[in-house]
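Here the protein sequences line up with chains Y and S, keeping their order. The number in this note's numbering is simply the position in the first sequence, starting from 1, with 3 added. The number in this note's numbering is simply the position in the second sequence, starting from 1, with 531 added. Even for Gly, the Cβ is constructed at its ideal location relative to N, Cα and C. Presented below is the structure to which this report refers.
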Amino acid sequence: MGGGTAVEWLAPSSLEEALALRAERGGDTTVVAGGSFLAILMNQGFVAPTSLLSLGKVQELRGIDVVDGELRLGAMVSHRAVERDPVIRRDWPVLSRAFGLVASPRVRNQATVGGVLADADYASDPPAVLCAVNARAVLRSPRGVRQVAIDELILGFYETCIAEDELLTEVRVPAALGPAVYRKFRSRSSEDRPCVAVAAARSAGRLRVVVGACAEVPQHYPDVCAEGADGPIDDAVAREIGAVYAKRMAPLSDSRGSAEYRRRVVAVEVRRAVEMVGADGAGNGAGREGAGGEE
Amino acid sequence: MKLALELNGRPTELECEPDEMLLEVLRREGLGSVRATCGIGVCGACTVLVDGEPLSGCLTLAPKVEGREVTTVEGLAGADPVQRAFIEAHGFQCGWCTPGFVLTAKALLAENPQPSEAEIAEAFGGNLCRCGSYVKIVDAVRRAAGEPAGAR
Numbered sequence: 004m005g006g007g008t009a010v011e012w013l014a015p016s017s018l019e020e021a022l023a024l025r026a027e028r029g030g031d032t033t034v035v036a037g038g039s040f041l042a043i044l045m046n047q048g049f050v051a052p053t054s055l056l057s058l059g060k061v062q063e064l065r066g067i068d069v070v071d072g073e074l075r076l077g078a079m080v081s082h083r084a085v086e087r088d089p090v091i092r093r094d095w096p097v098l099s100r101a102f103g104l105v106a107s108p109r110v111r112n113q114a115t116v117g118g119v120l121a122d123a124d125y126a127s128d129p130p131a132v133l134c135a136v137n138a139r140a141v142l143r144s145p146r147g148v149r150q151v152a153i154d155e156l157i158l159g160f161y162e163t164c165i166a167e168d169e170l171l172t173e174v175r176v177p178a179a180l181g182p183a184v185y186r187k188f189r190s191r192s193s194e195d196r197p198c199v200a201v202a203a204a205r206s207a208g209r210l211r212v213v214v215g216a217c218a219e220v221p222q223h224y225p226d227v228c229a230e231g232a233d234g235p236i237d238d239a240v241a242r243e244i245g246a247v248y249a250k251r252m253a254p255l256s257d258s259r260g261s262a263e264y265r266r267r268v269v270a271v272e273v274r275r276a277v278e279m280v281g282a283d284g285a286g287n288g289a290g291r292e293g294a295g296g297e298e
Numbered sequence: 532m533k534l535a536l537e538l539n540g541r542p543t544e545l546e547c548e549p550d551e552m553l554l555e556v557l558r559r560e561g562l563g564s565v566r567a568t569c570g571i572g573v574c575g576a577c578t579v580l581v582d583g584e585p586l587s588g589c590l591t592l593a594p595k596v597e598g599r600e601v602t603t604v605e606g607l608a609g610a611d612p613v614q615r616a617f618i619e620a621h622g623f624q625c626g627w628c629t630p631g632f633v634l635t636a637k638a639l640l641a642e643n644p645q646p647s648e649a650e651i652a653e654a655f656g657g658n659l660c661r662c663g664s665y666v667k668i669v670d671a672v673r674r675a676a677g678e679p680a681g682a683r
């Protein structure tokens, strides 16, 4: 880093200014939110941006608000803030819990809600849980505003639908109407990224089960979850959903586990997650976390 | 580019490149307690406090701390109760990771003056000690929190 041709540092202090710069420079500038992932890529020599557009001074992107029962998280809200915010802890505990399981407190001070989604790293914790609770990303440009679901936002490895003149400015999460859990199965250290992540939520008679860290994008099969409409879900149904997820998925292999290993973990972790949200409405995010081992 | 910040309690203006990490800029200033080690935010040896919160010096683009308060252990001048507790509890062996542990402990105790064992472990999740002095390090935090040594 450093030396050579001067790198441009753009640090707008308002959203309007940030959007104008983004629209003007497009893909020629690299957007910096918390910057933790970008810094890793720079330190490893994978990227060498010639222009950096930092959102650090844009106060409009730091809000945590509830509007008409919906949670609105500014893109620059840190993981640590989601973990500790009293309103999120009370009304969306599964988010506090999932964001609080990312890396270490020091990294959570830096990593942001917008950054982790725009990076679209398959092994990050937040995408699966945000997908399970039906969150939407707000994308803005001088052309206008659009909202996309998490599975529309993330298209592949480190790929999103964010256009070159757009900024991800906010994440909106509907009111939590039922239990939700996030299970993080780690195969190495407790601060590691997940080997298998399972987020499950029941809301308004619908069950959503999303598996993260196992494929390019979060995986979920609404047809398989149709079983979990109303009433308690019994163990046989939970087991069946786990089995079908494991069978249908084509897990990747990486240093955290082989495809075959992941397939077995998916069956178990999906079953446990469904059991946790299936029994009754009492387990909203308070469940135990995946402890390792398989059955 | 110029970088104005409050460094260890003093208004300071430094020179940096826009794509330089804070770690490199602080080391160039002679602040050798901030240690280049893993380069991926895992080990905690380059921990600094920014507005009182721990951040990884190796993952923080230097211009991001413009106008903010940055603290390294040099700013504690050996006089901080947490530093004294580390010495009294012998919470180190080789000392490489110690500045990061001291700053992380300071931030923890500022927020939570009586942390439990589990809370201490959680706070240190991003700090590695390859000598394995964790037991003594936790003792140091308990001592700094005013508890008797070895108390459980």
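By DSSP, does residue i sit in helix, in strand, or in coil?
| i | result |
| --- | --- |
| S39(Y) | helix |
| P542(S) | strand |
| V50(Y) | coil |
| D68(Y) | strand |
| V220(Y) | coil |
| Q645(S) | coil |
| Y665(S) | helix |
| V176(Y) | strand |
| D226(Y) | helix |
| E537(S) | strand |
| V201(Y) | strand |
| Y125(Y) | coil |
| G234(Y) | coil |
| E263(Y) | helix |
| D257(Y) | strand |
| V273(Y) | helix |
| L56(Y) | strand |
| L170(Y) | strand |
| A106(Y) | coil |
For the beta strand (DSSP E) holding residue i, just list the boundary residues, first then last.
| i | result |
| --- | --- |
| F160(Y) | Element bounds for F160(Y): n/a, residue is neither H nor E. |
| S192(Y) | Note, S192(Y): premise wrong, no beta strand (DSSP E); not H, not E. |
| Q150(Y) | 147-152 |
| V213(Y) | 209-215 |
| L13(Y) | 11-13 |
Please confirm whether residue i and residue j have their CB atoms less than 8 Å apart.
| i | j | result |
| --- | --- | --- |
| S193(Y) | V110(Y) | no |
| V212(Y) | V268(Y) | no |
| T163(Y) | A121(Y) | yes |
| A78(Y) | V136(Y) | no |
| I651(S) | L659(S) | no |
| M252(Y) | A218(Y) | yes |
| L538(S) | A593(S) | no |
| G227(Y) | L76(Y) | The question names Gly, yet the displayed sequence has Val at residue 227(Y). Their beta carbons are not under 8 Å apart, which means V227(Y) does not touch L76(Y) by this criterion. |
| V672(S) | P646(S) | yes |
| G598(S) | L536(S) | yes |
| V214(Y) | V199(Y) | yes |
| A138(Y) | V90(Y) | no |
| D154(Y) | P254(Y) | no |
| K187(Y) | L55(Y) | no |
| P15(Y) | E653(S) | no |
| A216(Y) | P197(Y) | yes |
Over what stretch of residues does the alpha helix (DSSP H) that includes residue i continue unbroken?
| i | result |
| --- | --- |
| E555(S) | 553-559 |
| A249(Y) | 238-251 |
| G118(Y) | 116-122 |
| S99(Y) | 96-103 |
| E73(Y) | Per DSSP, E73(Y) belongs to no alpha helix (DSSP H); it is in the beta strand (DSSP E), 73-77. |
| A140(Y) | Counting along the chain, A140(Y) falls outside any alpha helix (DSSP H), though it belongs to the beta strand (DSSP E) covering 139-144. |
| E548(S) | No alpha helix (DSSP H) holds E548(S); DSSP gives it neither H nor E. |
| A21(Y) | 18-28 |
Please check if any C-beta of chain C sits within less than 8 Å of the C-beta of residue i.
| i | result |
| --- | --- |
| G38(Y) | Looking at the structure shown, chain C is missing, and the protein chains on hand are Y and S. |
- Query: Touch check for the region 122-139 of chain Y and the region 90-108 of chain Y: three-plus C-beta pairs under 8 Å?
  - Reply: Contact between the region 122-139 of chain Y and the region 90-108 of chain Y is present, because at least three Cβ pairs lie under 8 Å.
- Query: In chain order, which continuous runs of the alpha helix (DSSP H) of length 4 or greater are located wholly inside the region 566-638 of chain S?
  - Reply: Annotation note: the region 566-638 of chain S contains the following uninterrupted alpha helix (DSSP H) runs of length 4 or greater, listed N- to C-terminal: 612-620.
- Task: Take every Cβ of the region 270-281 of chain Y, pair it with every Cβ of the region 203-217 of chain Y, and state whether three or more of those distances are shorter than 8 Å.
- Result: Counting Cβ pairs under 8 Å, three or more are found: they touch.
- Query: Counting Cβ pairs, one atom from each stretch, are 3 or more of them under 8 Å apart for the region 543-551 of chain S and the region 602-613 of chain S?
  - Reply: Between the region 543-551 of chain S and the region 602-613 of chain S, the count of Cβ pairs shorter than 8 Å is below three; the stretches do not touch.
- Query: Okay, do the region 565-577 of chain S and the region 6-26 of chain Y touch, 3+ Cβ pairs below 8 Å being the bar?
  - Reply: No, the region 565-577 of chain S does not touch the region 6-26 of chain Y.
- Task: May I ask you to verify whether the region 166-176 of chain Y touches the region 141-157 of chain Y, counting CB pairs closer than 8 Å and requiring at least 3?
- Result: Output reads yes: the region 141-157 of chain Y touches the region 166-176 of chain Y.
- Is the region 616-631 of chain S touching the region 664-680 of chain S in the sense that three or more CB pairs, one from each, lie closer than 8 Å? A contact exists between the region 664-680 of chain S and the region 616-631 of chain S.
- Task: Would you check if there are 3 or more beta carbon pairs closer than 8 Å linking the region 153-163 of chain Y to the region 47-59 of chain Y?
- Result: The region 47-59 of chain Y and the region 153-163 of chain Y do not touch, with fewer than three beta-carbon pairs separated by less than 8 Å.
- Count the CB pairs spanning the region 83-92 of chain Y and the region 634-651 of chain S that are closer than 8 Å, and state whether there are at least three. Result no; under three Cβ-Cβ pairs closer than 8 Å.
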